[in-house]
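Structure first, commentary second.
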Amino acid sequence: MTAPKGTRVTIASMTGFARRQGALDDFLWAWELKCVNGRNLEVRCRFPAGLDALDGFVRAACAERLKRGNLSVTLTADDKQAVPTFRVNEAALEQLGRLLEGLKGKIDAAPPRLDGLIGLKGVLEIEEQQVAPDVTERRLQAMQVDFIACLADLQQARLEEGKKLAAITRQHLSEIERLANAAANSAAAQPAALRERLAKQITELLPPVVTLPEERLAQEVALLAAKADVREELDRLTAHVAAVRGLLGQGGAIGRRLDFLCQEFNREANTLCSKADDLTLTNIGIELKAAIEQLREQAQNIE
Numbered sequence: 604m605t606a607p608k609g610t611r612v613t614i615a616s617m618t619g620f621a622r623r624q625g626a627l628d629d630f631l632w633a634w635e636l637k638c639v640n641g642r643n644l645e646v647r648c649r650f651p652a653g654l655d656a657l658d659g660f661v662r663a664a665c666a667e668r669l670k671r672g673n674l675s676v677t678l679t680a681d682d683k684q685a686v687p688t689f690r691v692n693e694a695a696l697e698q699l700g701r702l703l704e705g706l707k708g709k710i711d712a713a714p715p716r717l718d719g720l721i722g723l724k725g726v727l728e729i730e731e732q733q734v735a736p737d738v739t740e741r742r743l744q745a746m747q748v749d750f751i752a753c754l755a756d757l758q759q760a761r762l763e764e765g766k767k768l769a770a771i772t773r774q775h776l777s778e779i780e781r782l783a784n785a786a787a788n789s790a791a792a793q794p795a796a797l798r799e800r801l802a803k804q805i806t807e808l809l810p811p812v813v814t815l816p817e818e819r820l821a822q823e824v825a826l827l828a829a830k831a832d833v834r835e836e837l838d839r840l841t842a843h844v845a846a847v848r849g850l851l852g853q854g855g856a857i858g859r860r861l862d863f864l865c866q867e868f869n870r871e872a873n874t875l876c877s878k879a880d881d882l883t884l885t886n887i888g889i890e891l892k893a894a895i896e897q898l899r900e901q902a903q904n905i906e
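This is the structure we're talking about:
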């Protein structure tokens, strides 16, 4: 299946990076997205305290736009208006004073310093400035808009990388096709080669006075040729090449189907190598397996 004429066909890589910064008054933030290969879509989020309300929105937006990949989403924020208020816990400080008064004369120690007392847990309390609900809502909406823009940047980065992957994938396909044709040419000459080799072996093994009937020789050659026939494997290799080219032309999230076809490529190449009855075909089979492995490595990067 190919895309309609005039439609821009694209595939995407699963790897990409994007970063966007934003501000609303004196409230600053930055989104950072990093994506690598993954069997499915997995989103991991890191938000500053108090901004966990964005989690559901972020995950829904990612699921809508991405199909595969391990995505790390990091949000950093800095509220320049948020000046903390410090307050001394008078009750705790008074209790400490009574405790120190009771220890006088019991231990030989210098009187405590004020900074030491304030540093004790519970004496100095920090009160964070409360943000009005309407301000919080405007901030969340602005960060959501920026996240969608950052996610679009990530998608564009993945598409740019996808163009490179598509070109490399087509090169590997051409190499697989070339090797399959070479294997077909080698296999086409096999029956005659098998007959010649078998006749030579019989001449060397049998006494000169003993001859093998031509009919029996033909039967043995036919049996060996049937065992070494790789035409079916070559036909399937050709079909798989056409299928991958069709997927590249179709575009979209084709990574899983490419993974499957690479497994099928490997199966045919392994069978071809096991049937190979001469050095030429064996070497072609080894090169074919190497080319298929290179194709598989690229397919694993495609969404």
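For what it's worth, my numbering labels the leading residue of the sequence shown as 604, then goes sequentially. Positions of the beta carbon are idealized from the N, C-alpha and C atoms, including for glycine.
Only counting the same chain, and skipping five residues up and downstream in sequence, which positions put a Cβ closer than 8 Å to that of residue i?
| i | result |
| --- | --- |
| leucine 768 | Ile614, Ser616, Gln901, Asn904 and Ile905 |
| alanine 783 | Leu837, Leu840, Thr841, Val844 and Leu891 |
| isoleucine 592 | Since the first and last residues shown for the chain are 604 and 906, residue 592 lies out of range. |
| asparagine 643 | Arg671 |
| glutamine 758 | Ala615, Gly619, Arg668 and Leu669 |
Taking the alpha helix (DSSP H) that residue i belongs to, which residues open and close that run?
| i | result |
| --- | --- |
| threonine 618 | Element bounds for threonine 618: n/a, residue is neither H nor E. |
| glutamate 835 | 834-853 |
| aspartate 862 | 858-878 |
Compare the C-alpha of residue i against each of the options and name the closest.
| i | options | result |
| --- | --- | --- |
| leucine 678 | Lys892, Gln624, Ala694 and Glu693 | Gln624 |
| glutamate 867 | Ala856, Gly855 and Leu840 | Leu840 |
| leucine 636 | Leu669, Asp628 and Asp629 | Leu669 |
| alanine 979 | Asp862, Asn886 and Arg642 | What the structure shows of the chain is the stretch from 604 to 906, and residue 979 is not part of that stretch, so it cannot be assessed. |
| lysine 724 | Leu850, Ala695 and Glu780 | Ala695 |
| threonine 618 | Ser777, Ser675 and Lys683 | Ser675 |
| phenylalanine 650 | Phe660, Arg642 and Asp880 | Phe660 |
| arginine 761 | Val639, Ala633, Asp629 and Gln747 | Val639 |
| alanine 633 | Ala666, Asp737 and Gln747 | Gln747 |
| leucine 654 | Arg870, Thr739, Asn643 and Ile889 | Thr739 |
| arginine 581 | Val833, Gly855 and Ala856 | This structure leaves residue 581 out entirely; the chain is present only between 604 and 906. |
| arginine 773 | Arg701, Gln758 and Leu851 | Leu851 |
| valine 734 | Lys683, Ala787 and Gly641 | Lys683 |
Among the residues of its own chain, which have a CB less than 7 Å from the CB of residue i, if the five just before and after it don't count?
| i | result |
| --- | --- |
| isoleucine 771 | Gln901 |
| leucine 864 | His843, Ala846 and Val847 |
| histidine 775 | Ala894, Gln897, Leu898 and Gln901 |
| alanine 752 | Arg623 |
| threonine 874 | Glu836 |
| valine 785 | The displayed chain sequence assigns alanine, not valine, to residue 785. Closer than 7 Å at Cβ, skipping near neighbours: Ile887. |
| arginine 860 | Leu850 |
| glycine 641 | Met617, Arg671, Gly672 and Asn673 |
Looking at the secondary structure, which residues open and close the beta strand (DSSP E) in which residue i lies?
| i | result |
| --- | --- |
| asparagine 886 | From DSSP, asparagine 886 is part of no beta strand (DSSP E) but of the alpha helix (DSSP H) over 882-902. |
| valine 646 | 644-649 |
| asparagine 692 | Run containing asparagine 692: none; DSSP gives neither H nor E here. |
| leucine 654 | Unbroken run through leucine 654: none, as it is neither H nor E. |
| glutamate 635 | 630-639 |
| alanine 555 | Outside the shown range of the chain (604 to 906) lies residue 555, about which nothing can therefore be said. |
Applying the 10 Å Cβ sphere with the 16-neighbour rule, what's the burial state of residue i?
| i | result |
| --- | --- |
| aspartate 749 | buried |
| leucine 582 | Nothing in the structure corresponds to residue 582, since the chain is present only between 604 and 906. |
| isoleucine 895 | buried |
| alanine 755 | exposed |
| glycine 672 | buried |
| glycine 858 | buried |
| glycine 765 | buried |
| alanine 879 | buried |
| glycine 609 | Residue confidence is low: glycine 609 scores 41 on pLDDT, short of 50, so the model does not pin down where it sits. Its coordinate-derived value is still stated next. Under this definition glycine 609 is an exposed residue. |
Which residues in the same chain have their Cβ closer than 6 Å to the Cβ of residue i, if we skip the five residues on either side of it in sequence?
| i | result |
| --- | --- |
| aspartate 681 | Leu631 |
| phenylalanine 620 | Lys637 |
| leucine 627 | Arg742 and Ala745 |
| aspartate 658 | Cys648 |
| serine 789 | Thr883 and Leu884 |
| valine 646 | Arg662, Cys665 and Leu674 |
| cysteine 876 | Gly888 |
| alanine 856 | Lys670 and Glu906 |
| alanine 787 | Leu837 |
Hey, is residue i close to the ligand SAH, as in C-beta under 7 Å from one of its heavy atoms?
| i | result |
| --- | --- |
| alanine 760 | Of ligands this structure carries none, so the ligand SAH is not represented either. |
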